[in-house]
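Numbering (this note's numbering), first residue to last: 312 to 475.
Note that the Cβ used here is the ideal one computed from N, Cα and C, for glycine as well.
These numbers come from a predicted model, not from an experiment.
Okay, so here's the structure we're looking at.
Printed below as a string of structure tokens:
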């Protein structure tokens, strides 16, 4: 049996249109500016996140610190992404964890703040791939598999694979 975890990634920036994304943008940008000041050098300040990383490698902690802000929003999803239904529209993309990556940011220009959030499913059984669709099961019982199907999607990838 093949076990997999799927990953779904979204990118949030100033042009994001969903209200949930906008709240994340605003809150993470506010937190970014606070954290930037903590890690910046008063004598030689920089504005850009990548410049900050070069001057102070400890600034690599900032995405983790921004994750704390995002975790409250992820909790609102109640373990699934409703905008990604299965082929029948009855099961939604299950999520167990997420990872935030800070693509770019600038303390003076909100338009340069951009982050990615990758959501990961719990371990799923990959039964087959049929007509560009994953045939999956959440069940661990090999004798009884309740299944569902997700169509291939450009923002979904297999992030973990185990053949047993």
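Taking 8 angstroms as the upper bound for CB-CB distance, residue 411 and residue 374 are in contact here, some 5 angstroms apart.
Per DSSP, residue 332 is one residue of the alpha helix (DSSP H) stretching across 330 to 350. Judged by their CB atoms, residue 431 and residue 315 are not nearer to each other than the 7 angstroms cut-off. Contact between the segment 452 to 467 and the segment 355 to 363 is absent, with fewer than three C-beta pairs closer than 8 angstroms.
Note that the segment 347 to 356 does not touch the segment 385 to 400; fewer than 3 beta-carbon pairs, one per stretch, sit closer than 8 angstroms. The Cβ atoms of residue 429 and residue 320 lie closer than 7 angstroms to each other.
Between the alpha carbons of residue 391 and residue 323 lies a distance of about 18 angstroms. For residue 444, the secondary structure class from DSSP, reduced to helix, strand or coil, is strand.
One alpha carbon belongs to residue 371, the other to residue 347, and they sit about 11 angstroms apart. As summarised for the segment 383 to 431, the continuous beta strand (DSSP E) elements at least 3 residues long and confined to that stretch are 391 to 396, 403 to 405, 408 to 415, 425 to 431, given in chain order.
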